[in-house]
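**Q** In the working numbering, the protein residues as written are 18 to 398.
Okay, handing you the structure first.
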Amino acid sequence: MNKVIYLDYNATTPVDSQVLQAMLPAFSQHFGNPSSRTHAYGWAAAQLVDQARTTLAALLGASPEELVFTSGATEANNLAIKGLAWTGRKRHIVTTAIEHPAVLETCDSLQREGFTVTRVPVGKSGVVDPQEVAQALTDDTLLVSVMLVNNEIGTVQPVAEIARLCHERGVVVHCDATQAPGKLEVDVRKLGVDLLSLSAHKFYGPKGVGLLYVRRQKPPLRLEPLLHGGGQEAGLRSGTLNVPGIVGMAKALELAVHNLYGERARQGALRDRLREQLFAAYPRLLENGDPAHRVPNTLNVSFVGVDSGSLVACLPRLAVSPASACATAKPKPSHVLLALGRTPEEANSALRFSLGRPTTPEEVEEAARMVAEAVSKLVRK
Ligand SMILES: Cc1ncc(COP(=O)(O)O)c(C=O)c1O
18 MNKVIYLDYN ATTPVDSQVL QAMLPAFSQH FGNPSSRTHA YGWAAAQLVD QARTTLAALL
78 GASPEELVFT SGATEANNLA IKGLAWTGRK RHIVTTAIEH PAVLETCDSL QREGFTVTRV
138 PVGKSGVVDP QEVAQALTDD TLLVSVMLVN NEIGTVQPVA EIARLCHERG VVVHCDATQA
198 PGKLEVDVRK LGVDLLSLSA HKFYGPKGVG LLYVRRQKPP LRLEPLLHGG GQEAGLRSGT
258 LNVPGIVGMA KALELAVHNL YGERARQGAL RDRLREQLFA AYPRLLENGD PAHRVPNTLN
318 VSFVGVDSGS LVACLPRLAV SPASACATAK PKPSHVLLAL GRTPEEANSA LRFSLGRPTT
378 PEEVEEAARM VAEAVSKLVR K
């Protein structure tokens, strides 16, 4: 089989070999349950979790007791938003039109429970205006949830500025930072957020593990748990901890931070090369999301007049996404692209290319060549 070129790193990433090596002892040798407090197997597993928690906290600018391990960002987002809403203080939530479904659908479910939700629009740039968020706040606003990096178009949101404006009004801020590690610095204190979600498989860690940062200082933030049981994670997330996953996530974040600046420059240059080649092949290309406010690995472009479903069908040796991977089960135009003001036809002609640490210049050249050939075939039809 000819090799398939993978340019869908925003959907998921392979586990880094160093991450896998770090995880292996936690599967077999140190297989104990960290909640087993009465024997050496439990202590060894608890020690691995403590070490990973300390590493992750230091890398994120948090304290170890501020991290709650979850099954991924979907659960972390649900815990942040529903967990805060269910504390029952206020009834209004503000989010943005371009969030991931793990935030938007969670807000929708609270709306069905009687909460009010405002979805702040974004302009053509795909960047939320902090003043528009501030204007949406009312005396009843409990929470603002805004992502750091958009998964479909890669735009970076002004989270620190939004957090500053919200805190002036006593509003809690949650940030879905799932797409940020390895692309941007993620530091909860610098961002000034109260809650922050991550998922390890987006940064060369394993699937099925993530975390929620919950501010425990000045004053501690209280959440209602979604899951009840053994009371792990200070009662916020019951369930036996995924020790190999947590160990892997810590190693993966360490590598993401270590490689950040080198990879930003390298992937940015490759992405720009891809962009150049695609524009040369198809001058009617529309670029989605402001290039000046975008992470270096992502390129989302509409091949106006070409259906993206037909285009990917003509690209069996290229793994790219016609919309966001999480949304492709629903054959609707991307809500993110519609929010930018794209027509449904333009949205349905979009492909997302997302590069990663393993991406080579040869892969980018070959991908651009394959896309150019497929597009010209479809346009001639
Ligand atoms: C921005 C964002 N938030 C949340 C998620 C959900 O992450 P997971 O599927 O790991 O729970 C994703 C996954 O695509 C994402 O890109």
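Note that CB positions come from ideal geometry on N, CA and C, so glycine has one too.
Does the distance between the C-beta of Asp-25 and the nearest non-hydrogen atom of ligand 1 fall short of 7 Å?
**A** no
**Q** Return the residue from the list Thr-376, Val-145, Ala-97, Leu-160 that minimises the CA-CA distance to Ile-115.
**A** Val-145
**Q** Just checking Thr-315 against ligand 1 - is the residue's beta carbon closer than 7 Å to any of the ligand's heavy atoms?
**A** no
**Q** What are the start and end residues of the beta strand (DSSP E) that includes Gly-227?
**A** 227-231
**Q** With a threshold of 8 Å on Cβ separation, who are the neighbours of Val-321 within its own chain once the five nearest residues in sequence on each side are excluded?
**A** Closer than 8 Å at Cβ, skipping near neighbours: Arg-301, Leu-302, Leu-303, Glu-362, Glu-363, Ser-366.
**Q** Is the beta carbon of Thr-113 within less than 7 Å of some heavy atom of ligand 1?
**A** No; taking the cut-off as 7 Å, the Cβ of Thr-113 has no heavy atom of ligand 1 nearer than that.
**Q** Taking the C-alpha atoms as reference points, what is the distance between Asn-94 and Lys-394?
**A** 42 Å
**Q** Tell me whether Asp-125 counts as near ligand 1, meaning its Cβ is closer than 7 Å to at least one heavy atom of that ligand.
**A** At a threshold of 7 Å, Asp-125 does not count as near ligand 1, since its beta carbon sits no closer than that to any of the ligand's heavy atoms.
**Q** Given 8 Å as the limit, is there contact between the segment 381-393 and the segment 175-182, that is, 3 or more CB pairs closer than that?
**A** no
**Q** Please report the straight-line C-alpha distance between Asn-305 and Ser-142, rounded to a whole angstrom.
**A** 8 Å
**Q** Between the C-alpha atoms of Cys-343 and Thr-91, what's the straight-line distance to the nearest angstrom?
**A** Model confidence at Cys-343 stands at a pLDDT of 46, short of 50, so the residue's coordinates are unreliable; what they give is reported in the following sentence. Spanning the two alpha carbons is a distance of roughly 11 Å.
**Q** Quick one: residues in its chain with C-beta nearer than 7 Å to the C-beta of His-245, no 5 flanking neighbours on either side, listed in chain order?
**A** Closer than 7 Å at Cβ, skipping near neighbours: Ser-255.
**Q** Closest to Leu-77 by C-alpha separation, out of Ala-286, Met-387, Leu-270, would be which residue?
**A** With distances taken between Cα atoms, Leu-77 lies closest to Leu-270.
**Q** Is Gly-89 a contact residue of ligand 2, with contact defined as CB to any heavy atom under 7 Å?
**A** Ligand 2 is not part of the structure shown, which contains ligand 1 as its ligands.
**Q** Could you work out which residue in Thr-55, Glu-379, Met-387 is closest to Gln-284 when comparing CA atoms only?
**A** When each option's Cα is compared against that of Gln-284, the closest is Glu-379.
**Q** Report, in whole angstroms, the separation of the C-beta atoms of His-184 and Gly-209, which I expect to be a contact under 8 Å.
**A** 7 Å
**Q** Report the partner residues of Ser-3 according to the DSSP bridge assignment.
**A** Not covered by the structure: residue 3. The range shown for the chain is 18 to 398.
**Q** Starting from Cys-192, trace the beta strand (DSSP E) in both directions and tell me its first and last residue.
**A** 189-193
**Q** Which residues bound the beta strand (DSSP E) around Ile-110?
**A** 109-113
**Q** Along the beta strand (DSSP E) that carries Arg-136, what are the first and last residues, could you check?
**A** 133-137
**Q** Which residue or residues does DSSP assign as beta-bridge partners of Val-166?
**A** Under DSSP, the beta-bridge partners assigned to Val-166 are Val-173.
**Q** Do Trp-103 and Glu-202 have their C-beta atoms within less than 8 Å of each other?
**A** no
**Q** Would the beta-carbon of Asn-259 be found less than 7 Å away from any heavy atom of ligand 1?
**A** no
**Q** Tell me, please, whether the CB atom of His-109 is closer than 8 Å to any CB atom in chain B?
**A** Any reference to chain B falls outside this structure, which holds one protein chain only.
**Q** So, do the segment 182-201 and the segment 58-73 have three or more beta carbon pairs nearer to each other than 8 Å?
**A** no
**Q** With a Cβ-Cβ cutoff of 8 Å, do Val-134 and Ile-110 count as a contact?
**A** Contact: yes.
**Q** Based on Cα-Cα distance, which residue from Leu-41, Ile-22, Asp-25, Tyr-23 lies nearest to Pro-223?
**A** Leu-41
**Q** What does DSSP give as the partner residue(s) for Phe-86 in the beta ladder?
**A** Leu-228
**Q** For Val-145, does the three-state DSSP call read helix, strand or coil?
**A** Reduced to three states, the DSSP call for Val-145 is coil.
**Q** Can you tell me whether DSSP reads Val-161 as helix, strand or coil?
**A** Strand.
**Q** What first and last residue would you give for the beta strand (DSSP E) that runs through Ser-338?
**A** Counting along the chain, Ser-338 falls outside any beta strand (DSSP E), and DSSP gives it neither H nor E.
**Q** Secondary structure at Asp-25, three-state DSSP: helix, strand or coil?
**A** In the structure shown, Asp-25 falls within a strand segment according to DSSP collapsed to helix, strand and coil.
**Q** Give me the Cα-Cα distance between Arg-397 and Gly-326, rounded to the nearest whole angstrom.
**A** For Arg-397 and Gly-326, the distance between alpha carbons rounds to 17 Å.
**Q** In the structure shown, what three-state DSSP assignment does Arg-311 receive?
**A** strand
**Q** Output yes or no for whether 8 Å exceeds the beta carbon distance between Leu-287 and Val-381.
**A** A contact, by the Cβ cut-off of 8 Å.
**Q** From the DSSP output, in three-state form, read off Ser-53 for me.
**A** coil
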